[in-house]
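Asks: Residues in the first sequence are numbered consecutively from 2, following my numbering.
A virtual CB, placed ideally from N, CA and C, is assigned to each residue, including glycine.
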Amino acid sequence: MTERTRFAPSPTGHLHIGGARTALFSWLFAKSKGGQFLLRFEDTDTERSKDEFKDSILKSLEWLNLNPDEEPVHQSRNLERHKFLALSLFEKGAAYYCDCSIEELEELRATQIKNKQKPMYDGRSREKNLEYEGKNVLRYKMPKASTSFEDLILGDITVDNRELDDFIILRADGTPTYNFCAAVDDLDMKISTVIRGDDHLTNTIKQLNIIKSLEGNLPNYAHLPMVLSESGKRLSKRDGALDIMDYKSEGYLSGALLNYIVRLGWAKDEVEKFTMNELIDFFDLSDVNSSPSKFSLQLLDWYNNEYLKEMDSSTLLKLLNEIGSNINENFKNILGIIDVLKVGAKSLKEIEESFDMFLKSPSIDKSDSLASEENKKIIKDFFDNFDFSKDENLESTSQRLKDYINYNDLKFPQLGKPLRYALTGRTNAPGLGELLYLLGNEESRKRIKNYLE
RNA sequence: GUCCCCUUCGUCUAGUGGUUAGGACACCGGGUUUUCAUCUCGGCAACAGGGGUUCGAAUCCCCUAGGGGACGCCA
């Protein structure tokens, strides 16, 4: 049997880290078994579901390269089938109509909470043998038993069905609800393994029972522990649950993000970095941790720098422009500049920011001690005596700079500090040999001259 | 409140009855050095607590505590 997994977001928001990880693990699991990864939008909440979010989720998955192997399924398009099957459950006696009013239910709930009981429907309509009358909801008759399954991550799970109530499968308006739709669609899509966050654990118990009642084949289940925010709470917009596309525009590389995410709860020996192909080879759900982990921007930044350093600078240039940097590819020594800047950068944004020092001549603060008369004298000598006529490479420029310093009996910082300031207006910048070479003779002279004035 | 899941350095984790409890990020210090960074070397730092089982427990069992989740005519 070929493995089929699915990622099933509800399009009521953007894709964030937690969802991306669920998608990644589902994708990896399918790929590692030579199977298929599918996408299903759980868009039965017509109030909150938005096409804009479907687009955004699709874009995010595309950026992460976690594309589904078949056309995305839109749950809302299967409503008739869901309804038909729900009714079949009623015919079989596995579901019943309930005429409890919302007020009645609220009251029940309030009393239960007051009595420190678990708030849930008490099954009071179970034996009423009601028919649909235009306002009744259809409830699933939860079997009086316990439900067990072998979770691929958590192991044996057994829950007494009394902990779950007779949940609604068809609303008063006749539309089917989530737990029912999800169970049916997983069946119809021939999903072999359902991978999702462990906040779905009780839903799994419900869906397992639905599938049994429908006499379908039970899929395997794997519940991923949650990703918590840095403060240890559930990931929310307030503390770092960014839209995945925000990571792109902030200058993160999708490979780095993916690598970071996969290590949240999964490890292979003492290796930190993996290519996607390695992940496909090594990944297994049984190696996934069962404890929640916290999101760490610091670690993500480290991964991003690692990926930035390894990435070809011409590719980086393309990505830079993709996120709106408008760096001209014909700019003098553009690739060399990126080569140098990427080494210390945490993101494309940082490269872009540092790039400014090459684009713009610095404005020199005359009162800065780096522009003192004494310093100017050293730079003036340098300006007059260093050979700016040669067109050369990085190594030779650096060497000639060293030679100049030795020949003139200077300490490197004596020349270096003011020269760096003259060239960039900054105190932190790439090495001077690199600066001189990348800026080029003409531009270097121009900047030094400006400093000297 | 009830039920479920979870608990190794600050963080991500390795570890499946016998290890000086390992690695990575971060942090701190040394070195290279031309500033920041990179690179390199080193350091700090953990088995939540308590009971068992066992010759021996981070590893198995129980309890407690803590964290997270679920409890909708949302998904």
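Would you mind working out which of Gly14, Ala21, His15 and Leu16 sits nearest Tyr261, comparing C-alpha positions?
Replies: Nearest C-alpha to Tyr261: Ala21.
Asks: Determine which residues share a DSSP beta bridge with Phe150 and list them.
Replies: Ile158, per the DSSP bridge assignment.
Asks: In whole angstroms, give me the CA-to-CA distance for Gly441 and Lys34.
Replies: Answer to the nearest angstrom: the Cα atoms are 54 Å apart.
Asks: Using CA coordinates, which residue listed in Phe42, Lys142, Met277 and Lys367 is at the minimum distance from Lys93?
Replies: The candidate whose alpha carbon is nearest that of Lys93 is Lys142.
Asks: How about Arg7 and Leu59: do their beta carbons lie closer than 8 Å?
Replies: Cβ distance not < 8 Å, so Arg7 and Leu59 don't count as in contact.
Asks: Would you check if the distance between the CB atom of Leu286 and the CB atom of Ala223 is smaller than 8 Å?
Replies: Against a cut-off of 8 Å, the Cβ pair of Ala223 and Leu286 comes out as a contact.
Asks: Checking the sheet assignment: what are the DSSP bridge partners for Ala223?
Replies: Note: Ala223 sits in a beta bridge opposite Ile196.
Asks: I need the DSSP call for Ser214, collapsed to helix, strand or coil.
Replies: It is helical.
Asks: In or out: Ile114 buried (at least 16 other Cβ within 10 Å) or exposed?
Replies: By the 10 Å Cβ count, Ile114 comes out exposed.
Asks: Near Val185, what residues of its chain come up, given a Cβ to Cβ distance below 6 Å and the 5 sequence neighbours on each side ignored?
Replies: Excluding positions up to five away in sequence, the list reads His83 and Leu86.
Asks: Return the CA-CA distance between Phe54 and Lys347, expressed in angstroms with no decimal places.
Replies: Taking the straight line joining both Cα atoms gives about 29 Å.
Asks: What's the call for Pro414, buried or exposed, on a 16-neighbour Cβ count within 10 Å?
Replies: Classification for Pro414: exposed.
Asks: Applying the 10 Å Cβ sphere with the 16-neighbour rule, what's the burial state of Val228?
Replies: Per the 10 Å Cβ criterion, buried.
Asks: My guess is that Asp44 and Ser11 are in contact by the Cβ rule of under 8 Å, so how many angstroms apart are they, rounded?
Replies: Going by Cβ atoms, the distance from Asp44 to Ser11 rounds to 7 Å, so yes, they are a contact pair.
Asks: From Tyr304, Lys234 and Leu254, pick the residue whose C-alpha is nearest to that of Val272; which is it?
Replies: Looking at the Cα atoms, Tyr304 is the closest of the given residues.
Asks: Measure from the alpha carbon of His201 to the alpha carbon of each residue in Lys333, Ile328, Asn180 and Tyr438, then state which is nearest.
Replies: Answer by Cα proximity: Asn180.
Asks: Just grab the DSSP bridge partners of Arg5 for me.
Replies: DSSP lists Gln37 as partners of Arg5.
Asks: Check for me: the alpha helix (DSSP H) holding Lys421 runs from which residue to which?
Replies: Reading off the sequence shown, one finds Arg at residue 421, where the question assumed Lys. Element bounds for Arg421: Phe413 to Thr425.
Asks: Within 10 angstroms of the Cβ of Lys1, are there 16 or more other Cβ atoms? Answer buried if so, exposed if not.
Replies: Beyond the ends of the chain as shown, which are 2 and 454, falls residue 1; an answer cannot be given.
Asks: Where does His83 fall in DSSP's three states?
Replies: Here His83 sits in helix by DSSP.
Asks: Just verifying my parser: in three-state terms, what is the DSSP assignment at Tyr248?
Replies: The answer is helix: DSSP assigns Tyr248 an H, G or I state.
Asks: Taking Cβ positions, are Ile192 and Val289 nearer each other than 8 Å?
Replies: No.
Asks: My assumption, with CB atoms under 8 Å, is that Val138 sits in contact with Ile169. Please give the rounded CB distance.
Replies: Between Ile169 and Val138 the Cβ distance is about 5 Å, and since that is below 8 Å, they are a contact.
Asks: Measure from the alpha carbon of Glu231 to the alpha carbon of each residue in Ile281, Pro69, Ile18 and Leu395, then state which is nearest.
Replies: Of Ile281, Pro69, Ile18 and Leu395, the residue nearest in Cα terms is Ile18.
Asks: In chain order, what residues of the same chain lie with their CB nearer than 7 Å to the CB of His75, ignoring the 5 residues before and after it?
Replies: Closer than 7 Å at the Cβ level, and outside the excluded window around His75, lie Phe42 and Asp44.
Asks: Counting only the same chain and skipping the five closest in sequence on each side, list residues whose C-beta sits under 8 Å from that of Lys450.
Replies: Excluding sequence neighbours, Lys450 sits near Phe384.
Asks: Kindly list the residues whose CB is nearer than 7 Å to the CB of Met358, restricted to its own chain and excluding five residues on each side of it in sequence; keep chain order.
Replies: Excluding residues within five positions, the ones whose Cβ falls inside 7 Å are Thr425, Arg427 and Ala430.
Asks: Do Leu188 and Gly217 come within 8 Å of each other at the CB atom, strictly closer than that value?
Replies: Cβ distance < 8 Å, so Gly217 and Leu188 count as in contact.
Asks: Please name the residue in Ser362, Glu435, Ser445 and Glu354 whose C-alpha comes closest to that of Phe389.
Replies: Checking every option, the nearest Cα to that of Phe389 belongs to Ser445.
Asks: Tell me where the beta strand (DSSP E) around Val138 begins and ends.
Replies: Where Val138 is concerned, the enclosing beta strand (DSSP E) stretches over Val138 to Tyr141.
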